[in-house]
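One rule links them: number in the working numbering = place in the sequence shown (from 1) + 717. Notes follow once the structure below has been shown.
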Amino acid sequence: MKISEYVERLAREGELLAEAAERAGTEAPVPTCPGWRVTDLLRHTGAVHRWATGYVRDAIVEPGPFPDAPELAGGELLSWFREGHEDLVGALGEAPQDVQCWTFLPTAAPSPLAFWARRQAHETAVHRMDAEAALGVAYSPVAPEFAEDGVDELLTGFHARPRSRMRTEEPRVMRVRAADTGAVWTVHLSAEPPRTVSGDTGDPADCEVTGTASWLYEALWNRLPLMGPGVAGDESLARRWAETAGIG
718 MKISEYVERL AREGELLAEA AERAGTEAPV PTCPGWRVTD LLRHTGAVHR
768 WATGYVRDAI VEPGPFPDAP ELAGGELLSW FREGHEDLVG ALGEAPQDVQ
818 CWTFLPTAAP SPLAFWARRQ AHETAVHRMD AEAALGVAYS PVAPEFAEDG
868 VDELLTGFHA RPRSRMRTEE PRVMRVRAAD TGAVWTVHLS AEPPRTVSGD
918 TGDPADCEVT GTASWLYEAL WNRLPLMGPG VAGDESLARR WAETAGIG
């Protein structure tokens with residue numbers, strides 16, 4: 718996807734998040750983030766937006782502290798969230814294409830700007846689902862191409878890091894298939910961080926997870942249960958994913 722497409726998606730996802738949060742009310746519980754209320758969701762996502770904006774806008778090349786969110790509530794908190802989201806969209810849209818700044822996933826993005834546009838588009842989309850869960854409505858549709866991209870970021874980026882808790886005592890293989898886009902990932906599980914290879918490597922899979930790209934996006938990011946007819950083989954791997962593979 719192009720940087721401009723990520724920025725457009727980020728803009729829309731932030732609007733949807735704020736709208737759902739406002740309708741749900743800031744004291745509503747967020748069932749997809751146990752222990753959180755909408756206040757926590759807005760404070761977290763708003764702080765992430767400001768954190769990302771700083772790296773891109775100021776071309777910061779070293780990791781820095783995560784900003785604290787102010788103790789706001791209700792309409793003031795929603796306004797604070799919207800301001801930070803708008804600033805992030807502006808920073809990504811106005812930054813030089815060759816801006817150099819810090820990034821944090823092991824997969825190599827085409828550029829730091831592409832990394833942050835992609836990361837914040839998915840950060841906001843996933844937390845938009847949380848706001849909709851708090852409101853008690855069905856998730857807004859996710860375009861197949863964007864959903865496939867988000868699955869790829871999750872598998873090849875987040876779960877390639879040492880902090881991934883998705884481990885198995887013995888080597889296992891989980892294959893993930895997007896039925897509508899044709900994308901396939903082969904996830905090698907062991908006592909080490911998962912190693913994901915794009916495509917069907919031909920290795921026998923202990924568990925196969927098949928579904929539309931949007932369902933995979935929602936389920937692998939743990940915003941829907943990873944179960945049902947799309948899971949074949951050793952379902953204990955799918956259960957372990959649900960229990961250990963959560964990303965905030």
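C-beta: ideal position from N, C-alpha, C; glycine also.
query, result
"Are there three or more Cβ pairs, one per stretch, closer than 8 Å when the region 845 to 852 is compared with the region 750 to 765?", "yes"
"DSSP state of Gly928, grouped into three classes?", "strand"
"Going by C-alpha to C-alpha distance, which of Leu871, Gly807 and Leu759 sits closest to Gly771?", "Gly807"
"Tell me the rounded alpha-carbon separation between Phe821 and Ser931.", "25 Å"
"Can you pull the DSSP bridge partners for Trp902?", "Val893 and Ser915"
"Would DSSP call Pro787 helix, strand or coil?", "coil"
"Using a Cβ-Cβ cutoff of less than 6 Å, which residues in the same chain neighbour Pro784 once the five nearest sequence positions on both sides are dropped?", "Ala764, Arg767 and Trp768"
"Per the DSSP calculation, Gly950 is bridged to which residue(s)?", "Cys924"
"Report the rounded CA-to-CA distance for Ser796 versus Leu805, giving the unit in angstroms.", "14 Å"
"Using C-beta distances below 6 Å, list every residue in its chain close to Thr918, excluding the 5 sequence neighbours before and after it, in chain order.", "Thr903"
"Roughly how many angstroms separate the alpha carbons of Glu793 and Gly801, rounded to a whole number?", "13 Å"
"Please classify Ile720 as buried or exposed, where buried requires at least 16 other C-beta atoms within 10 Å of its C-beta.", "buried"
"Applying the criterion that 16 or more other CB atoms from any shown protein chain within 10 Å of the CB defines a buried residue, is Met891 buried or exposed?", "buried"
"Identify the continuous alpha helix (DSSP H) that holds Pro861 and give its terminal residues.", "Pro861 to Thr873"
"Would you mind sorting Val778 into buried or exposed? The rule is 16 or more other CB atoms within 10 Å of its CB.", "exposed"
"Helix, strand or coil for Arg940, going by three-state DSSP, please let me know.", "coil"
"When DSSP labels each residue in this structure, what does Arg880 get in the three-state scheme?", "coil"
"Short check: CB of Leu727 to CB of Gln837, under 8 Å?", "yes"
"Given His844, which residues of its chain have a CB within under 7 Å of its CB, disregarding the five upstream and five downstream residues?", "Leu734, Leu758 and Thr762"
"Residues in the same chain with beta-carbon distance under 6 Å from Glu873, minus the five sequence neighbours each way, listed in chain order, please.", "Checking the sequence shown, residue 873 turns out to be Thr, not Glu. Contacts found: Thr824 and Thr913."
"Just list the residues that DSSP pairs Arg754 with in beta bridges.", "Pro746"
"What does the alpha-carbon distance come out to for the pair Pro921 and Arg889?", "9 Å"
"Alpha carbon to alpha carbon, how far is Glu909 from Ala877? Give it in angstroms, no decimals.", "9 Å"
"DSSP three-state call for Phe821: helix, strand or coil?", "coil"
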